[in-house]
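Residue numbers (the numbering used here): 0 to 853.
The block underneath contains the structure these notes are about, expressed in structure tokens.
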């Protein structure tokens, strides 16, 4: 018989042996008295909580005798109502027959002061129940099940049993956790541990449990924790998996982590002679780096995950040769196989014990084998340390880029290792979505292409999804997903899955193609049509559970970066204001950018999470910020006309306002230019424009051009803006329309003033000092008035970005005014330069002169 067949036969026979064994085990369960070493505890309190539910525990009695390797359990439960009857009419006791013997001592019902015996051998059934079957784990445990008859509300159920036998793989070592607080009311919690004086225990309390009573009996040391009226703990919603707010005591016989390492080392040995044969069947050509990648791929993908974790197999891995031949194994089996392959290439590699559920707090645990629930691999290459989880299939990237879960720390099974090792976190995973929506016509259909790029664990997940399902099913699921936003959406082309970078950067790409017949929707009053974009994937990313006032941490997610860029390719030129907002907090950051250029409207959402959880007092702000974030998701394009060119054209209203302002302004500017002609300084020396006057000359020369460009480019002449402001909703938009009209008028008046000043400046007219004063003062006062008017008229549209820009403008204007207004009014150089009059003699009785002089 071939070796592979032998190993397969062994595995099948072991599994069949376990599955068929339970049929005859009921007779092996003993019924007997309570062991003599047990301190028998009576029910001393029958007080019922105000709202206990269907039942209430009056006593939880747990006693462990380490020298005799026996656990004793004793429970007393008051049944309150029919719900309690339903829950407690079946007693279920789990044990592992491979190394444990079960003895049931008592099952009674106390009713009306009378004790009713419910312990009958014929009522005991033994069942095989694999609670972790969906995770491909078979733990070999059995359940002794007793279905009680005639249970009634008001009964007091009391039962006790002993389980003798500790797993022999532990070699007399022991570690456990006793709880003194639960999520339900318990009148009394009694925990007792008996240990040999030669093999004492360490204990550590969490959340301030009572100190134990320590005594001696029969050459044994006894630790007792006796708690009356254990107050229940209520969990907040959405707490991290590692967070445990229950009062408890951790116990261990190990003195240090090095003792745990020394215990584990013999378990992770193997026959070196078998490794060469295994390697010969794996394609291992190439450099050492290539071999590492191939070994990891083989163990992750070609050896399926299956755990037969009963008896000593719960801790001891199977031989690498057996795992290789049978092509399945649990985390320990796969880790040792990978370790053996790496070591065969003279690579330093070791198994690492980690805890997937308590990663944040495992470093607070006492040393013990039960501190861990998973095994991974550590190895060294070119002086760098790497970690890999061999149970994760379909991973991408070389061993240098492999995503490794954030297990925080682990115990490396290596000679001399005396403490936990910190494990660096992998870079945040990313999802980058690009949507291109091509709009055929206003009111018409649209084509949508969605290109999604995944890295890190997100790439591994999507690769696993496509490996485990058909593209047809995935396409259908995606189509149904987008139908939440676009009910008429249709599949235009089959979905594409691109994985050509699996062996390099671990980047996975999907491309989806859709047609949306009804992309535009009619408004309720049928006065306009509109379309919408919405980041559906991001919406699910930030769908955090609501929570009331809490005192426990709030789980967020693994660190990741999300970005979605949606481009709308419109049929004609489109106009719209650019938009930017950022909402940030400790551990999260959201940015929304919207811009319009030509026929393209671009909407960008970027969301980043850098913390897995937040503290309780941060949850309220976190959820409030995410409510604000969700309000930024919807983006609408609205059209109320019949032809898009109407919205893309020039506003005749703005042109009319401009012509009237320029005509009126030019008339008064000419009067100012001619009418204000003050006499020169009597000591004027007729100096040319030079020296430091070159600086204001440059500024004043550029000013008209800058003002002209600013006025024409700020959207004052866009028909779409005025169609919206002066449309059906003109009353609601009147404040903004007034403000924009005033800005347009003032901009042209200021432009005319700059032209008059520039002409007078180069003519060296005597009116320059006063005109310059008006110009610089206007540059300071007008932005202030504009911002004040905006705050009063359109406060909802004023954001921090606008305020910051106004602040910078005012600061620059203030600096210019503070420098040049005094200079133009005091400097003798100015008086000696600007000494020319338009007319030789001063105009008498000039009203304009009188006004400016005053």
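C-beta atoms are modelled at their ideal positions from N, C-alpha and C, and glycine is treated no differently.
Q) What's the gap between the Cα of residue 119 and the Cα of residue 78? A) The residue given as residue 119 occupies position 120 in the chain shown. The residue given as residue 78 occupies position 79 in the chain shown. It is roughly 21 Å from the alpha-carbon of residue 119 to the alpha-carbon of residue 78.
(Q) So the candidates are 377, 264, 286 and 288; which of them puts its Cα closest to the Cα of residue 415? (A) Looking up residue 415 in the chain shown gives position 416. Considering only alpha carbons, the answer is 264.
(Q) With distance defined between alpha-carbon atoms, name the residue in 579, 474 and 442 nearest to residue 526. (A) Taking the chain shown and counting its residues from 1, one reaches residue 526 at position 527. Among 579, 474 and 442, the Cα nearest to that of residue 526 belongs to 442.
Q.
Here's a check: name, in chain order, each residue in its chain whose Cβ is nearer than 7 Å to the Cβ of residue 48, leaving out the five neighbours to either side.
A. Here the question's residue 48 lines up with position 49 in the chain shown. Cβ within range, chain order: 55 and 184.
Q.
So, does the segment 148 to 167 touch the segment 183 to 201, judging by three or more C-beta pairs under 8 Å?
A. Contact fails: fewer than three Cβ-Cβ distances are below 8 Å.
Q. According to the neighbour-count rule (16 or more other Cβ atoms, all chains shown, within 10 Å of its Cβ), is residue 216 buried or exposed?
A. Here residue 216 refers to the residue found at position 217 when the chain shown is read from its first residue. Counting other Cβ atoms within 10 Å of its Cβ, residue 216 stays below 16 and is therefore classed as exposed.
Q.
Could you check whether residue 238 and residue 856 sit closer than 8 Å to each other, using their CB atoms as the reference points?
A. A query on residue 856 cannot be resolved here, the shown segment of the chain reaching from 0 to 853 and no further.
Q.
Does the segment 596 to 608 come into contact with the segment 562 to 579, if we say contact requires no fewer than three beta-carbon pairs (one atom in each stretch) closer than 8 Å?
A. The segment 596 to 608 vs the segment 562 to 579: in contact.
Q) What three-state label does DSSP hand residue 565 in the structure shown? A) For the purposes of this step, residue 565 is taken as residue 566 along the chain shown, with counting starting at 1. Assignment of residue 565 by DSSP, reduced to helix, strand and coil, places it in the strand class.
Q.
Rounding to the nearest angstrom, what Cα-Cα distance links residue 833 and residue 767 in this structure?
A. In the chain shown, the residue the question calls residue 833 occupies position 834. In the chain shown, the residue the question calls residue 767 occupies position 768. If I take the Cα positions, the gap works out to 7 Å.
Q) In this structure, does DSSP put residue 280 in helix, strand or coil? A) Within the chain shown, the letter at position 281 stands for residue 280. Residue 280: coil per DSSP, three-state reduction.
Q) Quick one, are the C-beta atoms of residue 553 and residue 613 less than 8 Å apart? A) The residue you call residue 553 lines up with position 554 of the chain shown. The residue you call residue 613 lines up with position 614 of the chain shown. Their beta carbons are under 8 Å apart, which means residue 553 touches residue 613 by this criterion.
Q: Please go through the same chain and pick out, in chain order, the residues whose beta-carbon is closer than 6 Å to the beta-carbon of residue 157, but skip the five residues on each side of it.
A: Translated into the one-based positions of the chain shown, residue 157 becomes position 158. The residues are 75 and 107.
**Q.** Endpoints, the beta strand (DSSP E) within which residue 441 is located
**A.** For the purposes of this step, residue 441 is taken as the residue at position 442 of the chain shown. Premise fails: residue 441 is in no beta strand (DSSP E) and is neither H nor E.
**Q.** Buried versus exposed call for residue 287 [16 or more other C-beta atoms within 10 Å across all chains shown]
**A.** Position 288 of the chain shown holds residue 287. Exposed, since its Cβ has fewer than 16 Cβ neighbours within 10 Å.
Q.
Could you give the first and the last residue of the continuous alpha helix (DSSP H) run that contains residue 778?
A. The sequence position of residue 778 within the chain shown is 779, counting from 1. Start and end: 767 to 792.
Q: Tell me whether residue 101 is buried or exposed, calling it buried when 16 or more other Cβ atoms sit within 10 Å of its Cβ.
A: As a working note, residue 101 is residue 102 in the chain shown. Classification for residue 101: buried.
Q: Provide the residue span of the beta strand (DSSP E) that contains residue 189, from first to last.
A: Working through the chain shown from its first residue, we reach residue 189 at position 190. 185 to 195 is the extent of the beta strand (DSSP E) around residue 189.
Q) Mapping DSSP to helix, strand and coil, what is residue 536? A) Along the chain shown, one-based indexing puts residue 536 at 537. In the displayed model, residue 536 falls within a helix according to three-state DSSP.
Q.
For residue 332, report the span of its alpha helix (DSSP H) as first-last.
A. Here the question's residue 332 lines up with position 333 in the chain shown. In the DSSP assignment, residue 332 falls within the unbroken alpha helix (DSSP H) covering 330 to 342.
Q | Pair within 8 Å by beta-carbon distance, residue 779 and residue 812 | A | Residue 779 sits at position 780 when you count from the first residue of the chain shown. Residue 812 sits at position 813 when you count from the first residue of the chain shown. Between residue 779 and residue 812, the gap from beta carbon to beta carbon is short of 8 Å.
Q: Going by CA-CA distance only, name the one from 587, 506, 783 and 489 that's closest to residue 860.
A: Nothing about residue 860 can be read from this structure; the chain reaches only from 0 to 853.
Q | Host beta strand (DSSP E) of residue 514 (start-end) | A | Taking the chain shown and counting its residues from 1, one reaches residue 514 at position 515. 506 to 515 is the extent of the beta strand (DSSP E) around residue 514.
(Q) Using C-beta distances below 6 Å, list every residue in its chain close to residue 269, excluding the 5 sequence neighbours before and after it, in chain order. (A) As a working mapping, residue 269 is identified with position 270 in the chain shown. The answer, listed in chain order, is 318, 319 and 339.
Q: Indicate whether the contact test is met: 3 or more Cβ pairs, each with one atom in the segment 108 to 115 and one in the segment 172 to 182, closer than 8 Å.
A: With contact defined as three or more Cβ pairs closer than 8 Å, the segment 108 to 115 and the segment 172 to 182 are not in contact.
Q: Evaluate residue 385 with the Cβ neighbour count: other Cβ atoms within 10 Å of its Cβ, from every protein chain shown; 16 or more gives buried, anything less gives exposed.
A: Position 386 of the chain shown holds residue 385. Within 10 angstroms of the beta-carbon of residue 385 lie 16 or more other beta-carbons, which makes it buried.
Q: Kindly indicate which residue of 469, 36, 684 and 609 has the alpha-carbon position closest to the one of residue 72.
A: Start at 1 with the first residue of the chain shown, and residue 72 comes out as number 73. Of all alpha-carbon atoms in 469, 36, 684 and 609, the one lying nearest the alpha-carbon of residue 72 is that of 36.
Q. For residue 97, which of 293, 140, 825 and 631 has the nearest alpha-carbon?
A. Start at 1 with the first residue of the chain shown, and residue 97 comes out as number 98. Among 293, 140, 825 and 631, the Cα nearest to that of residue 97 is on 140.
Q. Do residue 219 and residue 240 have their C-beta atoms closer together than 8 Å?
A. Locating residue 219 in the chain shown gives position 220, where the first residue counts as 1. Locating residue 240 in the chain shown gives position 241, where the first residue counts as 1. Contact flag unset, no.
Q. If you compare alpha carbons, which of 427, 482 and 486 is closest to residue 458?
A. Along the chain shown, one-based indexing puts residue 458 at 459. With distances taken between Cα atoms, residue 458 lies closest to 427.
**Q.** Reduced DSSP category for residue 656 - H, G, I as helix; E, B as strand; rest coil
**A.** Residue mapping note: residue 656 aligns to position 657 of the chain shown, counting from 1. The answer is helix: DSSP assigns residue 656 an H, G or I state.
**Q.** Reference residue 508; option with closest CA among 476, 493, 430 and 558
**A.** For this step, residue 508 is matched to residue 509 along the chain shown. Selected option, being the one with the closest Cα: 430.
Q) Excluding five sequence neighbours on each side, which residues of the same chain lie with their C-beta closer than 7 Å to the C-beta of residue 745? A) The residue labelled residue 745 in the question sits at position 746 within the chain shown. 781.
Q. Does the beta-carbon of residue 570 have 16 or more other beta-carbons within 10 angstroms, so that it is buried, or is it exposed?
A. One-based indexing of the chain shown puts residue 570 at position 571. The residue is exposed, with fewer than 16 neighbouring Cβ atoms inside 10 Å.
Q) Between residue 180 and residue 246, which are expected to be in contact by the criterion C-beta below 8 Å, what is the C-beta distance as a whole number of angstroms? A) Against the chain shown, residue 180 aligns to sequence position 181. Against the chain shown, residue 246 aligns to sequence position 247. Correct: roughly 4 Å between the Cβ atoms.
(Q) On the DSSP letters alone, give me the boundaries of the alpha helix (DSSP H) that residue 289 sits inside. (A) On the chain shown, position 290 is the one that residue 289 refers to. Start and end: 287 to 296.
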